[in-house]
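As they're listed, the protein sequences go chains A and B.
If you use the numbering used here, the first sequence corresponds to residues 1437 to 1919, in order.
If you use the numbering used here, the second sequence corresponds to residues 3 to 119, in order.
Yeah, the Cβ is synthetic: ideal placement off N, Cα and C, and Gly gets one too.
No experiment lies behind these values; they were computed from the predicted model shown.
Accompanying notes for the structure given below.
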Amino acid sequence: MLTIIPQLLIGAADLAAAFLFLYGLKRMSSPVTAPSGIFVAGLGMVVAILASFLYAFDVTTEARPFLATNIGLAFVALVVGGGAAWWSGRKVAMTAMPQMVALYNGMGGGAAGAIAAVELFGGKSQGATQLIVTLAGALIGAVSLSGSLIAWGKLDGVINKPLRFKGQQLVNGLVFMATLVVGGYLVFAVEAGAAPLIATPDLIYLFFALALVFGILMTLPIGGADMPVVISVYNAFTGLAVGLEGFVLQNPALMIAGMVVGAAGLLLTLLMAKAMNRSVSNILFTNFGAVTKQKQGDIKGSLKPAEAGDAGIFMRYVKEVIIVPGYGLAVAQGQQKLYEFVKLLQSADVTVKFAIHPVAGRMPGQMDVLLAEAGVPYDLIFQLDDINDEFANADVALVIGANDVVNPAARTDKSSPIFGMPILNADKAKKVFVVKRGEGKGYAGIQNALFYGDNCDMVYGDAQAVLIKMIEAVRSLGLSAAA
Amino acid sequence: MDFSISISGFVALYIFMLAGFAGWVIIGHVPAILHTPLMSGSNFVHGIVVVGGIFALLNASTTLEQAIGFFAVLLGAGNAAGGYAVTDRMLAMFQTSEHQPAHAKSGRAKAHRPKKG
């Protein structure tokens, strides 16, 4: 009797949690219902965590003497881990969101790996299937942990340059093979009865060490602009690891939640890869820099610099402006000033829209969040497919801190490394202003034909400084008109 | 009556398949504008791993198991709490033109303030 009621309660709570997660994610499909969606999912989490303490009624006989200590440890871990993450999550700047998500994701992967470690060191897995699934979850979780930490380091600027060396893929492949061999040997040894799992701790340590090293090696060579894909991949990995460990622990809530996230991560990964016109394996396993050393067709025309104030005043007297913000805007912290400028234009009856490329920013959709933070209403924000035809009707395309995503070479130049990548057709607008810090090339290291177009003027300078000049120019205009 | 759960072989595969399909369909309907909160939201959902961590920790019978179990709960709790905090913050920012957030209104007022002189 003592075990049936807790079992029933845990089962019901986990069922409720699984439902609430799915329902919560469903509600996240519209900006209107999304805030309640995360609340619903959060409710599911609280229910599941509270119920999980009922496991205390049904622990193994060996663990019974430690029960009081273990419950205490669980409380401390919940409060410390949850509290620290909550505090950091409330405090973090929106521009730092990608590295924060990478960090939380790594934690999840680490937790899944640690659960697998407890199972392995305790010799708890029963049968070959369970053992193989435990090891698979351990491998994926550990890779997700170390890989996410490297991704965090790169996004946070701790690690500045992608680390690439000759024969890197070979080394990575060997480390991965070694991990599989050690894991396979563990399964073989245990199943053949040569050694009980509990007697092989060294091999388990080795297995985890190899998996962690592989995660580091795999992430180090990947460049900053490919991070949206990397974060999606590791999100999917952690989901998968959680799902697999859910099977080992015979917990369907973990299985469902893990697999839902795995599928979500996979979908986002494919979307991002499509937006870059590259395959996922190309992004993860090849060096982008090496591909771009190709001959490029000569670009005719010249770069025409323009004054920020003149550009601002020009936009004040047109009908429609489409703004293409890129990561450079976020780097310059120019979102607030940009919206201030947009509001000035709007009060002068200029229609203003934002066009967002899927890979603008360092994680999927980051630019949307940064604009939302600055107060830009989301009905002004349009995605590539929805706005691309409208550039032809727009009077001005204002490109701020974006480069490769507006390069017409992707449409026309078959020899270009970005050929075929979906781009925003800023060049089709009657007039184009490009706000840029200097004459440098974009991430892909290629010239941008847009900048040399007859209809394009370059406004050089830091995005925020340029926007301040534009605002001042337009505002002084309004004052003199009123006077 | 027995309420213990036993999932083996094909039942597990069925659960994985259906859950994966549900995730794919649900996430496929989320507009691109919400992709960042969606990612941190799904990141939050796999924080459910903390429940597995609690199970492992409560059943730990050696110091090593206790240490790793503690680590699992610590990380899992961080995943769940952090994921929720950032997702909630981001989603609160999305506003339509009709429902301008308070800080944007004050920004607008500032924008119309005449310059010195």
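Using only the alpha-carbon positions, how far apart do residue i and residue j sit?
i, j, result
"residue 1513 (chain A)", "residue 1520 (chain A)", "10 angstroms"
"residue 1528 (chain A)", "residue 1659 (chain A)", "23 angstroms"
"residue 1637 (chain A)", "residue 1539 (chain A)", "28 angstroms"
"residue 1549 (chain A)", "residue 1560 (chain A)", "15 angstroms"
"residue 1572 (chain A)", "residue 1778 (chain A)", "51 angstroms"
"residue 1854 (chain A)", "residue 1891 (chain A)", "23 angstroms"
"residue 1747 (chain A)", "residue 93 (chain B)", "34 angstroms"
"residue 1886 (chain A)", "residue 1758 (chain A)", "15 angstroms"
"residue 1447 (chain A)", "residue 1641 (chain A)", "34 angstroms"
"residue 81 (chain B)", "residue 1830 (chain A)", "44 angstroms"
"residue 50 (chain B)", "residue 64 (chain B)", "24 angstroms"
"residue 1893 (chain A)", "residue 33 (chain B)", "33 angstroms"
"residue 1718 (chain A)", "residue 79 (chain B)", "34 angstroms"
"residue 46 (chain B)", "residue 1750 (chain A)", "46 angstroms"
"residue 1606 (chain A)", "residue 1681 (chain A)", "30 angstroms"
"residue 1667 (chain A)", "residue 1450 (chain A)", "28 angstroms"
"residue 1557 (chain A)", "residue 1695 (chain A)", "25 angstroms"
"residue 1848 (chain A)", "residue 1889 (chain A)", "14 angstroms"
"residue 1553 (chain A)", "residue 25 (chain B)", "28 angstroms"
"residue 1711 (chain A)", "residue 1820 (chain A)", "10 angstroms"
"residue 1825 (chain A)", "residue 1705 (chain A)", "26 angstroms"
"residue 1895 (chain A)", "residue 1661 (chain A)", "23 angstroms"
"residue 1727 (chain A)", "residue 1714 (chain A)", "In this prediction, residue 1727 (chain A) scores a pLDDT of 45, lower than 50, which makes its location untrustworthy; the coordinate-derived value is nonetheless stated afterwards. Using only the alpha carbons, I get a separation of about 12 angstroms."
"residue 1589 (chain A)", "residue 1754 (chain A)", "44 angstroms"
"residue 11 (chain B)", "residue 1619 (chain A)", "20 angstroms"
"residue 1440 (chain A)", "residue 1693 (chain A)", "25 angstroms"
"residue 1797 (chain A)", "residue 1765 (chain A)", "9 angstroms"
Using a Cβ cut-off of 8 angstroms, pull out every chain C residue sitting near residue i, in sequence order please.
i, result
"residue 1687 (chain A)", "Protein chains in the displayed structure are A and B, and chain C is not among them."
Using a threshold of 8 angstroms, state whether the C-beta atoms of residue i and residue j are closer than that.
i, j, result
"residue 1691 (chain A)", "residue 21 (chain B)", "yes"
"residue 44 (chain B)", "residue 1579 (chain A)", "no"
"residue 53 (chain B)", "residue 1595 (chain A)", "no"
"residue 1476 (chain A)", "residue 1569 (chain A)", "no"
"residue 1467 (chain A)", "residue 35 (chain B)", "yes"
"residue 1663 (chain A)", "residue 1587 (chain A)", "yes"
"residue 17 (chain B)", "residue 9 (chain B)", "yes"
"residue 1742 (chain A)", "residue 1897 (chain A)", "no"
"residue 1516 (chain A)", "residue 76 (chain B)", "yes"
"residue 1689 (chain A)", "residue 1510 (chain A)", "no"
"residue 59 (chain B)", "residue 72 (chain B)", "yes"
"residue 1534 (chain A)", "residue 1585 (chain A)", "no"
"residue 1583 (chain A)", "residue 1655 (chain A)", "yes"
"residue 1669 (chain A)", "residue 1720 (chain A)", "yes"
"residue 1639 (chain A)", "residue 1611 (chain A)", "no"
Could you give the first and the last residue of the continuous alpha helix (DSSP H) run that contains residue i?
i, result
"residue 1535 (chain A)", "1533-1557"
"residue 1869 (chain A)", "No alpha helix (DSSP H) holds residue 1869 (chain A); the beta strand (DSSP E) holding it covers 1867-1872."
"residue 1707 (chain A)", "1688-1712"
"residue 1896 (chain A)", "First-last for residue 1896 (chain A): 1892-1896, but that is the beta strand (DSSP E), not the alpha helix (DSSP H)."
"residue 1721 (chain A)", "1716-1721"
"residue 1888 (chain A)", "1885-1888"
"residue 16 (chain B)", "11-30"
"residue 1849 (chain A)", "Where residue 1849 (chain A) is concerned, there is no enclosing alpha helix (DSSP H), given that its DSSP letter is neither H nor E."
"residue 1750 (chain A)", "1744-1752"
Which same chain residues, not among the five before or five after residue i, have their C-beta less than 6 angstroms away from its C-beta?
i, result
"residue 1835 (chain A)", "1760, 1842, 1862, 1870"
"residue 1464 (chain A)", "1470, 1473"
"residue 1809 (chain A)", "1530"
"residue 1443 (chain A)", "none"
"residue 1546 (chain A)", "1581"
"residue 88 (chain B)", "42"
"residue 1647 (chain A)", "1575, 1578, 1579, 1615"
"residue 1457 (chain A)", "1477, 1480, 1693"
Starting from residue i, trace the beta strand (DSSP E) in both directions and tell me its first and last residue.
i, result
"residue 1490 (chain A)", "Counting along the chain, residue 1490 (chain A) falls outside any beta strand (DSSP E), and DSSP gives it neither H nor E."
"residue 1760 (chain A)", "1756-1761"
"residue 1834 (chain A)", "1832-1836"
"residue 1658 (chain A)", "First-last for residue 1658 (chain A): undefined, no H or E at that position."
"residue 1818 (chain A)", "1817-1819"
Which residues in the same chain have their Cβ closer than 8 angstroms to the Cβ of residue i, if we skip the five residues on either side of it in sequence?
i, result
"residue 1623 (chain A)", "1564, 1567, 1568, 1571"
"residue 1461 (chain A)", "1473, 1477, 1696, 1700"
"residue 1909 (chain A)", "1744, 1745, 1746, 1748, 1749"
"residue 1445 (chain A)", "1487, 1490"
Excluding the five sequence neighbours on either side, which residues of its own chain have a C-beta within less than 7 angstroms of the C-beta of residue i, listed in chain order?
i, result
"residue 1875 (chain A)", "1739"
"residue 1846 (chain A)", "1852, 1854, 1855, 1856, 1857, 1859"
Could you check whether the Cβ of residue i sits closer than 7 angstroms to any heavy atom belonging to the ligand ZN?
i, result
"residue 1577 (chain A)", "Questions concerning the ligand ZN fall outside what the structure shown contains, since it holds no ligand whatsoever."
| query | Unbroken alpha helix (DSSP H) runs of length 4 or more, entirely within the stretch 44-85 of chain B: which are they? | reply | As far as the stretch 44-85 of chain B is concerned, its whole alpha helix (DSSP H) runs of at least 4 residues are 51-60.
| Whole runs of the alpha helix (DSSP H) within the stretch 1571-1641 of chain A, excluding any shorter than 4 residues | Listed in chain order, they are 1604-1627.
| request: Output the residue ranges of the beta strand (DSSP E) runs that lie fully inside the stretch 1780-1815 of chain A and measure 3 residues or longer, sorted by chain position. | output: The stretch 1780-1815 of chain A contains these whole beta strand (DSSP E) runs: 1787-1792.
| field | Sequence ranges, alpha helix (DSSP H) only - wholly within the stretch 1459-1535 of chain A, length at least 4 | value | Fully contained in the stretch 1459-1535 of chain A are the following alpha helix (DSSP H) runs of length 4 or more, in chain order: 1470-1488, 1503-1527.
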